[in-house]
Structures are given as C-alpha cells and as structure tokens.
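Asker:
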Amino acid sequence: MPDKSKSDGLNKMKVVTSGGLRVDYLITPEGEAHVGLPGGNALYAAVGAALWTDQVALWARIGANYPPEWLEHLAQRGLDTAGLVRLPSDQDHRTFFAYLPDG
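Heads up: the sequence shown is residues 6 to 108, going by my numbering.
1. Can you round the beta-carbon distance between Ala50 and Gly25 to whole angstroms, since I take them to be within the 8 Å contact cut?
2. If you reduce the DSSP assignment to three classes, tell me which class Pro43 lands in.
3. Whose C-beta lies closer than 6 Å to the C-beta of Ile32 among residues of the same chain, with five residues either side of it excluded?
4. For the alpha helix (DSSP H) containing Ala80, name the first residue and the last one.
5. In three-state terms, what does DSSP make of Gly88?
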C-alpha cells in the first residue's frame with residue numbers, strides 16, 4: 006500500500022501539476038543564448054496556475070543531479086515541491102528552443 010503521509014499536502018492543493026522538469030536551453034530572436042534554465046511542462050503549468058492561486062503543487066520524478074537550488078527557489082516562490090520524487094540515478098532531460106526573429 007502506498008504511504009499516504011507523503012501525499013497529504015497534495016490533497017490540500019487546489020492545483021497539482023504533473024509532468025516533466027527539464028533543463029532548458031534557448032536562443033532568443035536577438036541571438037542571445039541562455040543555457041541551463043529550469044523548465045519543463047510541469048514547471049510551466051505550475052507557474053501559470055500560481056497566477057490564480059497560492060495552492061499549487063508539483064508532482065514529478067527528478068534525477069539525482071537535478072539542482073537542489075532550483076527546488077529551493079520554487080519553494081521560496083510558494084510552489085509545493087513535496088510531490089517531487091528524486092530518483093537514485095542522474096537523469097539528463099534537456100529541451101532546446103530557438104526563437105527566430107520572423108516568429
């Protein structure tokens with residue numbers, strides 16, 4: 006049986022986002038490169054939901070190498086990170102974006 010004590014906080018949330026937490030790399034229309042940014046669909050959805058409520062939680066798996074300072078930053082901004090499960094091994098999930106001047 007699952008340990009429900011770990012998810013009690015999630016039961017009190019108005020919004021729980023589930024998906025991936027990634028490392029983003031992007032190039033702006035002006036050609037500026039930004040590397041190693043926190044990203045992923047679960048994070049973007051949570052940040053969007055936080056515009057309407059302060060009861061938002063993330064539910065995802067992260068690798069052993071996911072930067073702890075990113076998690077601290079999310080928690081400091083009011084996102085509940087109790088639903089994140091750190092895997093015992095490193096994970097390498099990167100997403101690359103290039104925004105072109107012509108859209």
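A virtual CB, placed ideally from N, CA and C, is assigned to each residue, including glycine. Keep in mind that this is a model prediction, so the values were computed, not measured.
Answerer: Concretely, from the data shown:
1. Taking the Cβ atoms as the reference, Ala50 lies roughly 11 Å from Gly25, outside the contact range of under 8 Å.
2. The answer is strand: DSSP assigns Pro43 an E or B state.
3. Contacts found: Ala38 and Ala103.
4. From DSSP, the alpha helix (DSSP H) with Ala80 extends over Pro73 to Gln81.
5. The DSSP-derived three-state label of Gly88 is strand.
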